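In what follows, a structure is listed as structure tokens, so that the remarks can point back to it.
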Amino acid sequence: MHGVLGANGAGKSTLFNVLGGLLRPDAGRVEVDGQPVTLASPRDAWRHGIGLVHQHFTLVPRLTVLENLALGTRGVAGRPAAVRRATRELMERTGLSVPLDEAVEGLGVGDRQRVEILKALQRDPRILVLDEPTAVLTPGEASGLFDLLRDLAADGRAVALVAHKIDEVLQASRRLTVLRDGATVLHCLREETTEAEIVRAMVGDDAVDAAALGLGRRVERESAGGSAASDRPAGSDRSASRDDGGPRHGPQPADGPSVVASLAAVRVDGRGGPGLDGVDLTVHAGEIVGVAGVDGNGQRELAAVLAGRRAPDGGTVHLCQAVGFISQDRSREGLVGDFDLTENVALAFHRRPEFQKGSWLRWDRLEEEAEAIRGRHDVQAPSVRTLARNLSGGNQQRVIVGRELAMAGELLVAENPTRGLDIAAAAFVHDELERLAAGGVAVVLISTDLDEVLALSHRVVAIARGRLQEVPGDRRSRKGVGSLMLGAETTHD
Amino acid sequence: MTEAPSQAVGRMRVAESVALAVAALVLTAGIGALLLLVGGYDPGAAAAAMVRGAFGSWTAFTSITLVRSVPLILTGLAVAFAFRAGVWNIGAEGQLYAGALAAVWVGLQGAALPAVLLVPLVLIASWVAGAFWALVPTLMRLRLGVGEVITTILMNFVGIYLAAYMVHGPLQERRGVFPQTDAIPEAGRLPALLPGTSLHWGFALSVVLAAALAVVLRYSRFGFRLRAVGASTEAASVAGRIDVRRVLLVAFLGSGAIAGMAGGVQISGVTFALYEDLSPGWGYTAIAVALLAGLNPVGVIVTGILFGALQAGAGAMQRDAGIPAAWVGVVEALVILAVLVIDRVRRRVSEEHS
Chain F
1 MHGVLGANGA GKSTLFNVLG GLLRPDAGRV EVDGQPVTLA SPRDAWRHGI GLVHQHFTLV
61 PRLTVLENLA LGTRGVAGRP AAVRRATREL MERTGLSVPL DEAVEGLGVG DRQRVEILKA
121 LQRDPRILVL DEPTAVLTPG EASGLFDLLR DLAADGRAVA LVAHKIDEVL QASRRLTVLR
181 DGATVLHCLR EETTEAEIVR AMVGDDAVDA AALGLGRRVE RESAGGSAAS DRPAGSDRSA
241 SRDDGGPRHG PQPADGPSVV ASLAAVRVDG RGGPGLDGVD LTVHAGEIVG VAGVDGNGQR
301 ELAAVLAGRR APDGGTVHLC QAVGFISQDR SREGLVGDFD LTENVALAFH RRPEFQKGSW
361 LRWDRLEEEA EAIRGRHDVQ APSVRTLARN LSGGNQQRVI VGRELAMAGE LLVAENPTRG
421 LDIAAAAFVH DELERLAAGG VAVVLISTDL DEVLALSHRV VAIARGRLQE VPGDRRSRKG
481 VGSLMLGAET THD
Chain L
494 MTEAPSQAVG RMRVAESVAL AVAALVLTAG IGALLLLVGG YDPGAAAAAM VRGAFGSWTA
554 FTSITLVRSV PLILTGLAVA FAFRAGVWNI GAEGQLYAGA LAAVWVGLQG AALPAVLLVP
614 LVLIASWVAG AFWALVPTLM RLRLGVGEVI TTILMNFVGI YLAAYMVHGP LQERRGVFPQ
674 TDAIPEAGRL PALLPGTSLH WGFALSVVLA AALAVVLRYS RFGFRLRAVG ASTEAASVAG
734 RIDVRRVLLV AFLGSGAIAG MAGGVQISGV TFALYEDLSP GWGYTAIAVA LLAGLNPVGV
794 IVTGILFGAL QAGAGAMQRD AGIPAAWVGV VEALVILAVL VIDRVRRRVS EEHS
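Line by line, the protein sequences are chains F and L.
Residues 1 to 493 in the numbering used here are what the first sequence spells out, letter by letter.
Residues 494 to 847 in the numbering used here are what the second sequence spells out, letter by letter.
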């Protein structure tokens with residue numbers, strides 16, 4: 001039994017999708033039983049005895065459990081009685097029990113997960129690969145699943161398992177692999193390592209970071225940023241203070257910075273996630289507050305509340321008026337692909353009175369504003385009449401950032417603003433956020449990229465399961481924040 | 494539905510839009526001619542008869558082609574307006590009947606009123622009724638999340654049969670002979686636009702409405718919000734902070750009102766009475782009219798006249814070339830298919846180039 005660990009975006013799902021035949025590697029090879037194999041499709045993977053249980057369900061909601069199971073079989077598919085008999089046997093052998101004649105859409109996530117596992121097991125794979133199988137299970141169900149997996153492994157099958165809950169993987173696995181930024185950083189037997197070492201490997205501390213990555217991401221970013229990076233005023237003392245590991249403070253006026261947003265005991269009922277559970281947060285003018293956490297711990301809800309898009313289900317929120325919001329989903333929520341640059345700028349600006357004249361919009365001014373944003377942020381587009389969908393991802397983000405910076409009179413909420421961007425584009429975004437904060441605007445940077453949060457933020461809070469926890473200055477390291485955001489208890493060094 | 498109707502035809506420049514329409518028409522003509530050949534007819538003779546019927550004389554052009562284009566332009570505008578907002582209103586036919594019914598009723602009730610009052614009242618009644626007919630699908634979509642494609646289609650049948658019931662029952666003419674209503678009084682009728690022809694002021698109203706819609710969609714705050722919602726509800730609501738439901742409500746009801754007006758104008762300008770089969774399916778042809786125009790209101794004037802000519806020519810074609818008028822229905826369907834196919838190919842090619 002082999003446990004694969006890694007923080008969000010470390011490459012766990014990518015690795016497993018390669019094994020499942022869903023992704024083809026750009027380089028390197030996959031070997032099964034020492035033989036190199038080509039896994040071009042899920043069918044190939046099956047032929048080599050690899051069964052993949054997906055993180056996201058791949059069941060047909062309208063069909064019954066039995067019909068879903070029949071979909072995965074060959075030969076007996078036309079004979080429901082045979083599938084039923086085989087499934088009964090399998091359920092008995094594994095102890096996984098699900099109602100066979102219920103429609104999948106009527107089942108809870110735990111039952112769906114069991115169906116998903118049964119589906120993989122019914123073909124009797126030699127190698128069972130599970131991507132976050134316990135994410136939706138209760139602790140009791142999870143421990144039952146681990147018992148089953150151990151039995152399967154004892155039967156001579158190989159079981160590979162991804163999870164970001166460390167303790168689970170630790171208690172179940174004999175062999176461990178830790179991934180970070182798409183590379184293996186640790187590979188060993190369970191008894192050869194400690195939990196502390198694994199946490200360090202997952203989030204990487206500064207020493208490990210420099211050694212493992214050679215050129216750290218930030219170093220590349222500085223050089224890629226070129227002159228823009230070097231004439232940034234705060235650039236040098238920022239990296240110096242990071243090396244001290246000490247806390248940094250934003251520009252604070254003598255009379256104390258004014259509060260632009262405050263959340264008190266805010267509760268948001270999440271749909272399929274933890275939502276927010278008693279969140280307190282105060283944001284001051286001119287500071288960058290970094291919110292670090294693994295995806296799906298309430299970040300979307302927090303962003304929605306801070307951007308004024310969602311009223312909380314409990315608690316109180318005080319917000320300033322001029323809020324900019326950079327959504328992580330830029331192609332869907334940030335831009336209209338079929339709109340040109342002017343119209344995309346108008347999307348936010350059309351609300352402001354100076355761009356209106358009665359019921360009409362001042363398109364001349366909107367076009368000037370679009371031109372200004374295009375020039376200021378170096379958007380590579382032939383003209384402001386270019387449709388957004390004809391721009392590259394980095395240039396789309398420049399438009400959004402430019403627009404939202406201009407809208408953010410007092411507060412900017414940025415949600416994974418550099419996800420999917422190349423180094424130069426990410427550096428551009430980082431510079432803009434810092435410049436904005438230097439100008440007295442508050443920035444809330446919600447990101448799963450710990451490097452980004454640590455590099456930019458004056459203040460860091462960790463988010464885990466819908467709760468926020470302020471990270472004190474002496475714990476501002478990848479390890480300190482990382483263990484808080486992973487929910488691990490071993491936070492004291 | 495896999496995509497919003499506003500994306501059924503992608504964003505285009507006017508020139509692209511025209512090129513697309515021309516290409517679609519050429520393709521349609523080619524396939525249509527082929528079908529005629531297979532059926533044993535002479536496509537050349539068919540085309541000649543059609544052109545003669547639609548454009549052969551000043552009278553044919555104004556009194557037949559343009560008169561028939563009026564309900565097509567109005568329902569086409571209704572469809573284009575809804576589609577631009579991402580609303581699949583397939584219910585223009587039912588909304589048209591609702592508008593016609595209300596127009597006749599108000600026209601008959603207000604017999605004592607002068608024309609300056611009665612004509613506007615008749616038209617307003619048709620707006621209100623059309624919007625009301627769209628209200629049920631609207632509420633089902635906004636309150637319950639029921640897709641409007643099915644509900645608007647079903648409301649068509651209710652509208653068509655309600656009109657049929659009314660002309661057989663409560664609103665049947667006093668003579669009680671034909672299944673139709675009495676004619677509305679002179680004061681409720683739209684005056685002639687061109688003396689000596691049957692072209693009425695409804696044509697001018699349609700053109701003005703098209704121009705107004707084009708300007709509103711392009712330049713006004715509401716028009717911008719409507720286009721944003723139609724192009725991407727997520728971006729409209731997140732980046733634009735637009736109240737999407739409010740925009741959808743206005744789009745639904747506005748579309749219904751315009752389609753209802755098509756019925757009112759037809760009553761007030763052409764038939765003066767309501768009868769069964771008032772519309773030969775204008776509300777459905779409207780989809781072809783709107784798509785061929787690239788959902789552009791000004792383009793709808795052109796495509797509306799084109800389809801008016803097609804229907805005007807169909808009669809002549811049946812008479813002179815012996816080709817069933819139903820063939821025009823096939824052509825209308827071919828136009829929709831051709832527009833969608835060509836647009837999809839065009840977008841694929843442009844994606845490969847970028």
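Beta carbons are placed, not taken as given, at the ideal position from N, Cα and C, and that holds for glycine.
Quantities reported herein were computed from a predicted structural model and do not represent experimental measurements.
C-alpha distance - residue i paired with residue j, whole-angstrom precision
i, j, result
"A627(L)", "L570(L)", "15 Å"
"R812(L)", "V824(L)", "18 Å"
"R668(L)", "V639(L)", "44 Å"
"E727(L)", "A721(L)", "9 Å"
"R561(L)", "L803(L)", "10 Å"
"A425(F)", "W363(F)", "29 Å"
"Y712(L)", "A163(F)", "52 Å"
"I677(L)", "I794(L)", "28 Å"
"G797(L)", "A707(L)", "15 Å"
"E292(F)", "E404(F)", "Looking at the sequence itself, residue 292(F) is Ala, so the reference to Glu does not match. Rounded to whole angstroms, A292(F) to E404(F) spans 21 Å at the Cα level."
"L23(F)", "L742(L)", "44 Å"
"L594(L)", "D329(F)", "48 Å"
"R126(F)", "F16(F)", "15 Å"
"E509(L)", "L52(F)", "47 Å"
"H54(F)", "E641(L)", "35 Å"
"G716(L)", "V185(F)", "55 Å"
"T14(F)", "R332(F)", "23 Å"
9 Å Cβ cutoff met for residue i and residue j
i, j, result
"P61(F)", "V98(F)", "no"
"M505(L)", "G787(L)", "yes"
"L436(F)", "G394(F)", "no"
"I326(F)", "I400(F)", "yes"
"T435(L)", "A755(L)", "Outside the shown range of chain L, which is 494 to 847, sits residue 435(L), and nothing can be said about it."
"L616(L)", "L771(L)", "no"
"R419(F)", "L454(F)", "no"
"E470(F)", "S447(F)", "no"
"G20(F)", "A45(F)", "yes"
Chain L contact for residue i (CB, 9 Å cutoff)
i, result
"N416(F)", "no"
"S327(F)", "yes"
"W530(F)", "As displayed, chain F neither begins before 1 nor continues past 493, which places residue 530(F) out of reach and without an answer."
"R351(F)", "yes"
"F428(F)", "no"
"S457(F)", "no"
"N344(F)", "yes"
"A261(F)", "no"
"S383(F)", "no"
"L436(F)", "no"
Per-residue burial, residue i [other beta carbons within 10 Å of its own, 16 or more giving buried]
i, result
"D147(F)", "exposed"
"G225(F)", "In this prediction, G225(F) scores a pLDDT of 37, lower than 50, which makes its location untrustworthy; the coordinate-derived value is nonetheless stated afterwards. Buried, since its Cβ has 16 or more Cβ neighbours within 10 Å."
"L559(L)", "buried"
"H430(F)", "buried"
"G34(F)", "exposed"
"W775(L)", "buried"
"V519(L)", "exposed"
"P613(L)", "exposed"
"T645(L)", "buried"
"F650(L)", "exposed"
"T849(L)", "This structure gives no information on residue 849(L), because the portion of chain L shown stretches from 494 to 847."
"V660(L)", "buried"
Whole-Å CB distance - residue i paired with residue j, under 8 Å assumed
i, j, result
"G3(F)", "V129(F)", "Wrong, their Cβ atoms sit about 12 Å apart, outside the cutoff."
"L445(F)", "S457(F)", "6 Å"
"A264(F)", "G315(F)", "6 Å"
Interface flag, residue i vs chain F, CB-CB below 9 Å
i, result
"V639(L)", "no"
"F745(L)", "no"
"V731(L)", "yes"
"R634(L)", "no"
"R714(L)", "yes"
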